[in-house]
Structure formats: structure tokens, C-alpha cells
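Residue numbers (my numbering): 205 to 567. Backbone N, C-alpha and C fix where the C-beta goes; we use that ideal spot for every residue, glycine too.
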């Protein structure tokens, strides 16, 4: 048996109890020995509902999947789409926030409960809960110079196999306060509170008849205002593990997510690594903001421990061609603890408004 068939056999054992290992969406099913008692299932991978950026509810998607004769519906709603940018040095106060519908806003328990309810109503359909996660984005440039750019908002991994809400709540992802850490930086952020003590001491006059506008009290007011401002700027005192103003982190945030998911017994897949995203938004006299994500096939070599990657989807791709990146990955020594990554097909389905796209069809 070849190496590709062995890695398909491995993911079949792991993909929840259902052993979903068909090459998804394309109608191409891997070879199965006659003695193998597993079922070949028609599945659709990477589907969004109204819990995030999709147009159809989980129930509507389940009904549609059954209508089309699908066996497996794999949901991957956006986990967090919360972004912010702050002006130095008061980034905690002088900042702009933006949030797009996501599972964090929708409610993790609500999302999982809706999937479970739809599963009960459609017992012949296997509904697999999952999320699409962008572990990190970062800023470069400046608003004043017209070069402000947000990078990697669409550098995503698909996470499956997590069934407990607490497993989702702690996913290390940008915009997820449940993953914020408490370290020495928290102590530094809280230091300004100690300015209150000298402020109180200065406020108390030496003489009962002292002028309330005395220099001592003016200094006291300044100290109190400064303490409040600095603490507010640093709030919350806990911070993301990876700063959105640090452009030198490389793939560390992504490896952290992969490791976290693996430790929780889940599966992680790199999503559409050769896809690009570029948008430019104008804000009148304030200037413009560029939002971009470059193709990143090197992510498959720069990270380890992920389950697989999207190699079939509606975009230009080369990594699945003979002699290209997937073949190179298959030459990397592996073992039972570190199998070779599998290739999956991705639909990136958001609704029926995309011409030619449906849960069972990618054009």
C-alpha cells in the first residue's frame, strides 16, 4: 500500500467516529481494499452558516445537504472576526474596533446546541462541528502616511473534532479574550495604580485652611488622572499571547493553534494556502487602510502537527501537482505520532448567492 493510501487510512481512523476520508466535493473517492469494512461517504467540507458569514442557518444547511444526497456536512464557521487598531502610545484608548459576525459573537454554546439539534432532526446526515480560525493578524505602516496595512486576516486553519465549549473558548486566536495570558506584562500594566497613594497623600493639606487650589492638590489631580488613563490604556490587564503590532512572529501563532487543537484531541487543516486577499478601504480625510493576505504555501513546511491542508478549491493552486509541495511533504520522514498530512477539498460555501456553487458542486 502506497504512502498516500496509508495517510488516508490514518485520517479515516481519526476523523471522529465516522471515518470520513473521501476526497471531498469532487466525487473522487480513494481506493479501498475489498476487506475494508469502512463506508465511503460523500462529504462537503468548509461550510459557513448564519452563525458567522453564511446566508443559511445550520438547519437549512442540513436540510439542503440531505436533499442533495450528501452523507456528511462539515461546518467551519468563522471563530473570531474581531479586529482593532490603536494609535501609539495610547493604543488602549485611541483605538477603533470592528467586528464581523462570528461564533464568538453568536455564542459557542448556542452554535454547538444548534448543530446538535439539527443532528437529531437529520439522523441520516453526519454533521461535524468545526470552526475556521485566523490565529494572528498584524499591522504595518501608519494612517498618517497612508500606508496602514493589516496582514494575514485570511491566513486560516480549519479546526474539527472539538465538542466541548471550553475547548473553543481557549483557542489561541486573535480577538479571543479567552486565550489572553497573564504574565509579567500584566504586572507592568497595573503599576500606574500605585500613583493613587502619593496622589491621596498630596491631596491632604498640611493645614486645615489650605487652599483647595494649592500646587499640592493640583499635582494630586494630575497623578490621579494619569493613573486612570494609563490603567485604562492597558485594560484588560491580560493580553493576547501574540501582539497585533508585532510583524516578526512568523508562524509561531499558527503553530500554537495547531498544538492546542492537537492537545485537545482535535484536527487542524491549513485552508486555501495559495489563495490571496486584497482590499483597500478609504476613510475620507483620515486616509485609507489596506487589508491583504498573500499566498502562503510555505506554511505547510514551516509548521508541523497539522492534520492536512486544502489542495482542491476554487482558486489557482500548484501544491497538489506532481513533484510539487505535497509530494515533497510525503518524502518527509513520518511515524505513528507524526503522520503525513492529507489533502482535502474545500468548498468555502457561504450561501446559494454564488453562481454555480452549491453544497455538492464547485464550479
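| Asked | Found |
| --- | --- |
| Sequence-distant residues of its chain with Cβ nearer than 7 Å to residue 468 (five each side left out) | 366 and 371 |
| DSSP state of residue 475 mapped onto helix, strand, coil | coil |
| Per-residue DSSP class, three states only, for residue 281 | strand |
| Supposed close pair residue 495, residue 354 - CB separation, criterion 8 Å | 5 Å |
| DSSP bridge partner residues for residue 299 (one or two, in chain order) | 290 |
| Reference residue 176, options 260, 530, 499 and 281, closest by Cα | What the structure shows of the chain is the stretch from 205 to 567, and residue 176 is not part of that stretch, so it cannot be assessed. |
| Residue closest to residue 281, alpha-carbon to alpha-carbon, out of 264, 273 and 306 | 306 |
| Option in 255, 511 and 512 with minimal Cα separation from residue 555 | 255 |
| Backbone secondary structure at residue 536 - three-state DSSP | coil |
| Backbone secondary structure at residue 382 - three-state DSSP | helix |
| From 544, 517, 334 and 431, residue whose alpha carbon lies closest to that of residue 315 | 334 |
| C-beta contact flag for residue 462 and residue 507 at 8 Å | yes |
| The region 339-348 in contact with the region 269-281 per 3-pair CB rule at 8 Å | no |
| Three-state secondary structure (DSSP) of residue 553 | strand |
| First through last residue of the beta strand (DSSP E) which encompasses residue 517 | Element bounds for residue 517: n/a, residue is neither H nor E. |
| Sub-8 Å separation of residue 192 and residue 339 beta-carbons | Past the edges of the chain, shown from 205 to 567, lies residue 192, and the structure says nothing about it. |
| Close beta carbons around residue 491, own chain, < 6 Å, minus the five adjacent residues each side | 347 and 350 |
| Inter-residue Cα distance where the pair is residue 317 and residue 302 | 27 Å |
| Nearest neighbour of residue 361, chosen from 408, 460, 427 and 295 [CA to CA] | 460 |
| Residue 458, enclosing alpha helix (DSSP H) - first and last residue | 456-467 |
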